[in-house]
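Trainee:
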Amino acid sequence: MKAREIRPGVWWMGAIDWDRRLFDELIPLPDGTSYNAYLVKGTEKTALLDTADPTMSEALMKQLSEVPTIDYLVVQHVEQDHSGSLPLVMDRYPEAQVIASTKAVALLTDHLGVPQERIRAVQDGDELDLGDRSLRFVDAPWVHWPETMLTYLPEEKLLFTCDLFGSHLATDELFSGDGRHVCEAAKRYYAEIMMPFASIIRGHLERIETLDVDMVAPSHGPVHDRPAWILDAYRHWVLDAPSNLALIPYTSMHGSTSIMVDHLVEALTERGVHVRTFHMSKTDLGELAIHLVDAATVVFATPTVLVGPHPSIVFAAYLTAALRPKLRTAAVIGSYGWAGQAAQSTQSLCAKLKVDWLDPVFAKGLPDAETFQALDRLADTIAERHAGLEEGEPR
Ligand code: FEO
3 MKAREIRPGV WWMGAIDWDR RLFDELIPLP DGTSYNAYLV KGTEKTALLD TADPTMSEAL
63 MKQLSEVPTI DYLVVQHVEQ DHSGSLPLVM DRYPEAQVIA STKAVALLTD HLGVPQERIR
123 AVQDGDELDL GDRSLRFVDA PWVHWPETML TYLPEEKLLF TCDLFGSHLA TDELFSGDGR
183 HVCEAAKRYY AEIMMPFASI IRGHLERIET LDVDMVAPSH GPVHDRPAWI LDAYRHWVLD
243 APSNLALIPY TSMHGSTSIM VDHLVEALTE RGVHVRTFHM SKTDLGELAI HLVDAATVVF
303 ATPTVLVGPH PSIVFAAYLT AALRPKLRTA AVIGSYGWAG QAAQSTQSLC AKLKVDWLDP
363 VFAKGLPDAE TFQALDRLAD TIAERHAGLE EGEPR
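The numbering of the sequence shown is my numbering, which starts it at 3 and goes up by one.
1) Starting from the C-beta of Arg228, find all residues in its chain whose C-beta is less than 7 angstroms away, skip the five residues before and the five after it, and write them out in chain order.
2) Sorry if obvious, but does the Cβ on Asp112 come closer than 8 angstroms to a heavy atom of ligand 1?
3) Buried or exposed: Ala230, going by 16 or more other Cβ atoms within 10 Å of its Cβ?
4) Does DSSP put His226 in a helix, a strand or coil?
5) My output table needs one value for Leu132: the three-state DSSP class, helix, strand or coil.
6) Taking the CB atoms as reference points, tell me whether Val140 and Phe199 lie closer together than 9 angstroms.
7) Can you tell me where the beta strand (DSSP E) holding Ser337 begins and where it ends?
8) If you follow the alpha helix (DSSP H) that Val263 is part of, which residue opens it and which one closes it?
9) Which runs of the beta strand (DSSP E) spanning at least 3 residues fall entirely within the segment 316-376, listed in chain order?
10) Rounded to the nearest angstrom, how far is the Cβ of Thr104 from that of Ala123, given a contact under 8 angstroms?
11) Spatial neighbours of Ala332 within its chain, please: C-beta separation below 6 angstroms, excluding the five flanking residues on both sides.
12) Taking the DSSP output, what are the residues bridged to Val76?
13) Asp141 by DSSP, collapsed to three states: which one?
14) Output the boundary residues of the alpha helix (DSSP H) element that contains Lys64.
15) Hey, would you say the C-beta of Arg83 is under 8 angstroms away from at least one heavy atom of ligand 1?
16) Provide the residue span of the beta strand (DSSP E) that contains Asp19, from first to last.
17) Just list the residues that DSSP pairs Phe199 with in beta bridges.
18) Go ahead and pull the three-state DSSP assignment for Thr150.
19) Taking the alpha-carbon positions, what's the His276 to Ala385 distance?
20) How big is the Cα-Cα spacing for Gly339 and Asp19?
21) Any idea if Thr271 is buried or exposed, counting beta-carbon neighbours within 10 angstroms, 16 or more meaning buried?
22) Is His146 near ligand 1 - that is, is its Cβ less than 8 angstroms away from at least one heavy atom of it?
23) Quick one: residues in its chain with C-beta nearer than 8 angstroms to the C-beta of Arg326, no 5 flanking neighbours on either side, listed in chain order?
24) Leaving aside the five residues before and after Ala291 along the sequence, list all residues of the same chain whose C-beta is less than 8 angstroms from its C-beta, in chain order.
25) Quick check: what's the CA-CA separation for Arg397 versus Pro224?
26) Alpha carbon to alpha carbon, what distance is there between Thr150 and Thr163?
27) Would Ala219 and Ile8 qualify as a contact pair, given that the criterion is a beta-carbon distance under 9 angstroms?
28) Using a Cβ-Cβ cutoff of less than 7 angstroms, which residues in the same chain neighbour Met15 once the five nearest sequence positions on both sides are dropped?
29) State the Cα-Cα distance for the pair Asp73 and Ile121, rounded to the nearest angstrom.
30) Which partner residues of Lys423 appear in the DSSP bridge assignment?
31) Report whether the distance from the Cβ of Ile18 to the nearest heavy atom of ligand 1 is below 8 angstroms.
32) Taking 8 angstroms as the line, does the beta carbon of Ser314 fall inside it for any heavy atom of ligand 1?
33) Can you find the residues in the same chain that come closer than 8 angstroms, C-beta to C-beta, to Asn246, ignoring five residues on each side of it along the sequence?
34) With burial defined as no fewer than 16 other Cβ atoms inside 10 Å of the residue's Cβ, what is the status of Gln375: buried or exposed?
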């Protein structure tokens, strides 16, 4: 893909990774991704913001073969999907100065071996003069590393945001427009990467509101040429109360837990609680993460393996706690062969979740009438806790 102009003197560069299906050996990428770099040309100086994943260096270097001079290489975020091609770009432009936040300086040496003498640290509010235009840096730590900064180009009312407002989406559409074809990918990205830092992102959103922004250019996915929808979506995801939605990550070995899940789904539905199940041996983890953005309740449903929860539920519980969603209520249900402590173990995996734990419901072997009554009582309690919650965003 050739460089594409997004504003006068500002070009999208980088690579579209159509085939990548996994990030960090963990996160499914059903729609691929992109690594966006941006070239900003002033009358005096030229800057490149971010680079590309090292696996896609060739695409970026080909675009740069038509750029004779770069004065500044701005690193907004050190993670390798954006900075991995930096050493190659530095070799091509030996006079270029690397510009990074104070916290990024050591990380650039640790992760990429960048010599300290080539780096110029900048602080929040510092400006880089390019002639007829300037770049102003905005500290934005913990989206999702400690060193991240945003870059504001006031002459174009353009905010470069690296991971923030990004989406793992490979597409030939340069712009997100009204957001219809990007919103789900952006929500998935928020859920998987940004949600643990929601309280910090609130502050960043307030800061961004003080800037005059017509366009938002993240380093994954399309550029937001009408950014109101993505800013509104982030406000909703970060600030609003959870919705009337209960999630049931589950697995079943011989059918007992599955029967209990079916009963609970029906009981919740009858009581007006929206519910989604996720078979943890088959589901795309991102689907669970996306729904955790809105859910008020999670019920882990697990058979007992070696007195504890099934490993796929261990994974679901660990992931749920790590993502720090807005959940209010949680429970564990399931079955066991002769004895077990699956409920206690699952709960302890989620020690950091600030939720009310409801009484667990477990069956020895096949669930009986007493088990179903206990599941009905659990559904009653969840419905009471959900009273007054919004119905949530359709997907
Ligand atoms: Fe897209 Fe945190 O890297």
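Glycine residues also receive a C-beta, built at the ideal position from the N, C-alpha and C atoms. Only a predicted model underlies this, so the values are computations on that prediction, with no experimental measurement involved.
Mentor: So, from the data block:
1) Gly179, Asp180
2) no
3) exposed
4) strand
5) coil
6) no
7) 331-338
8) 258-272
9) 331-338, 363-366
10) 5 angstroms
11) Val300, Val357, Trp359
12) Leu51, Ile101
13) strand
14) 59-66
15) Reading off the sequence shown, one finds Asp at residue 83, where the question assumed Arg. Answer for Asp83: yes, Cβ within range of ligand 1.
16) 12-19
17) DSSP output for Phe199 lists no bridge partner at all.
18) coil
19) 10 angstroms
20) 47 angstroms
21) exposed
22) yes
23) Met197, Pro198, Ala200, Lys354, Leu355
24) Arg190, Ala193, Glu194, Met197, Leu321, Leu325
25) Reliability fails at Arg397, whose pLDDT of 45 lies under 50, so the model's placement of it is uncertain and no value is given.
26) 9 angstroms
27) yes
28) Ala5, Ala39, Tyr40, Leu41, Leu62, Gln65
29) 12 angstroms
30) In this structure the chain extends from 3 to 397, so residue 423 is not present and cannot be described.
31) no
32) no
33) Gly274, Val275, His276, Ala298, His388, Leu391, Glu392, Glu393, Gly394
34) exposed
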